[in-house]
Structures are given as structure tokens and as C-alpha cells.
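Shown next, in C-alpha cells, is the structure this report addresses.
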Amino acid sequence: MSRTLRRVLVSAVALLAGAVFVPAAGAQQTSGTQPYIVGGTDASIADHPYAVYLVDERENQFCGGTLVAADTVITAAHCAVAVRSSELGVVAGRQDKRGADGMRFDVRRVWVAPDYEDPTTGDDIAVLTLAGSAPYRPARVAGPQDEALYAPGTMATVLGWGRLSEGGEKSDTLRSARVPVMDDLSCGQSYGTYDPQTMLCAGYPEGGVDACQGDSGGPLVVGDTLIGVVSWGDGCAQAGKPGVYTRVSSYVEDVSGI
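According to mature numbering (1 follows the signal peptide of the UniProt record, and there is no 0), the stretch in the sequence shown is residues -27 to -1, 1 to 231, in order.
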């Protein structure tokens, strides 16, 4: 079962239970636990001030995002459509979700890639315009001139607040993991719907390090340059099943014009 399909199933169960629970990227059910950003470590918001998270009307974190301008956040399309825009919020500058530091913003505009249908078919990107300005350093958005950052073997960092184990509690603090960009041929062999024009894969052939539930929409960066958005995959950190990210450079003209 893909992360996307599991996300839908878990959301349905949560709604039946009367809870507002929208995990952004589910994971295939396997034996044992699967940590959120598997193989990751604690990260400092001071080092990654552009890392933000999305909340619903009950202030539940359900996705991540990247601050790319004072009032602009890039996230995944499937995150942006998970709740009504009037109920969507963005928290910036907060490393520990239990704290009160940082700032919370309402969202005054949501742009979703026009051709988006499902994460597995591409165009899984959205832009949120905040109802205010965040005083934090934004990430730079990769463009066509940054193709070297997508070269196989390039080490990138994925960031997020997600589940500590499959079906378990989410992390209260920002975490990160280092993953290598994979070549398109290998990714295409892992996923039949992989589109190298709109996606990229990152991870190790043997697995062990990956994004997982609750991390969707969050940043994949090289230095402080945003090259990918956590999108989908098959399970978490499984061998031969790398994480799939939206290729940001393919949408730089779209997002810069908003």
C-alpha cells in the first residue's frame, strides 16, 4: 500500500472517530516500528529558520513547509488540499511544537499546481500566501541553473516534524536527516509512475534513512537551497523504495509569479 493510499485510509478512520487527523504521507504497514525521518537527528530551527509546519483548525500539525519569502510558503499540493484554506495555519520559527516561540499565521491565499491530481502522478506542489510577514531567513528556491544540485550522489537534508513510529506519536521537535539524491533510472525502477521532469528521489539503496508520516510538504535542501518537497513513497526507509520529492526547479517560474 502506498503512503498516499494509506494516508486516505487513516484520514477516514480518524474522521469516523471524530478527530481531525490528516497525516500527510502514510506508510506501508510492516512489522516493527518506522521512525519519522528514519535515521534522523534533532535539528535546530536557528540552522533552518525556513522550516515551518502546517496546522489545522484545532492547531494539529499535519504537514511541513518551507518559507521562501517573508509571506510565502512552499508545501505539497496534497497538504494544501487536506483542509479548508480558512482552517489552515502556518507556524514559523518554532523548533518545539510544545513551545510558544515563533509566530503563527493565517493563510490568505492558496495556489495549487493546476494539473495536480495525486502525488504519484506529479505536480505535488502548492504555495501558501501568509496573512503577515515572517521575520525569518527564507530558503532560496532552486531554478534551472541549479541542475548540479540534482546530480546523483549530492547530499541533501530533509526536515520535518512527523511520527516517531508507524502509527505512533509525532515528534515534538524539528528533526533532520541526510540523504543522497538518486539517479532517475534507479528511481524509475522503484516506481512505475516516477516522472523525472517533476520528481526526484533521495535515499540509500539499502534503505534506513527516509521521510515518513507527517513530513510531507517539508523541505529537501542542499545548503539553504530548496530542491525538493517531501511528496510520497512506498513505506518508510525500505530497501529499494526511496523517498519521492517534488522537483522544485521545474516550478520556479510558477511559484515566483505568485
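Positions of the beta carbon are idealized from the N, C-alpha and C atoms, including for glycine.
Assigned with DSSP and collapsed to three states, residue 103 falls in strand. Inter-residue distance for residue 99 and residue 50 is about 5 Å (C-alpha atoms, whole angstroms). Shown here, residue 58 sits in a helix according to DSSP, grouped into three states. Each residue's CA atom was taken as its position, placing residue 20 and residue 221 some 21 Å apart. The Cβ neighbour count for residue 96, taken over all protein chains shown within 10 Å, is at least 16; the residue is labelled buried. Nearest to residue 78 by C-alpha distance, out of 88, 124, 40, 133, is 40. Residue 127 and residue 85 do not touch by the CB rule: their CB atoms are close to 28 Å apart, not below 8 Å. With respect to residue 165, residue 216 sits apart: the two C-beta atoms are not nearer than 7 Å.
For residue 217, there is no enclosing alpha helix (DSSP H); the enclosing beta strand (DSSP E) covers residues 216 to 220.
Of the candidates 26, 120, 14, 26 places its Cα closest to the Cα of residue 192. Distance check between residue 158 and each of 72, 167, 150 places 167 closest, using alpha-carbon atoms only. DSSP, reduced to helix, strand and coil, places residue 94 within a helical segment of the structure shown. When the alpha-carbon of residue 67 is set against those of 197, 52, 109, the nearest one is in 109. Around the beta carbon of residue 48, 16 or more other beta carbons sit within 10 angstroms, so the residue counts as buried. Secondary structure at residue 89: coil, using DSSP grouped into helix, strand and coil. In the structure shown, the three-state DSSP call for residue 118 is helix.
According to DSSP, residue 52 shares a beta bridge with no other residue. The criterion of a C-beta distance shorter than 7 Å is not satisfied by residue 149 and residue 171. DSSP, reduced to helix, strand and coil, places residue 164 outside both helices and strands of the structure shown, so it counts as coil.
Shown here, residue 147 sits in coil according to DSSP, grouped into three states, outside any helix or strand.
Minimum Cα-Cα distance from residue 35 among the listed residues 120, 54, 82 corresponds to 54.
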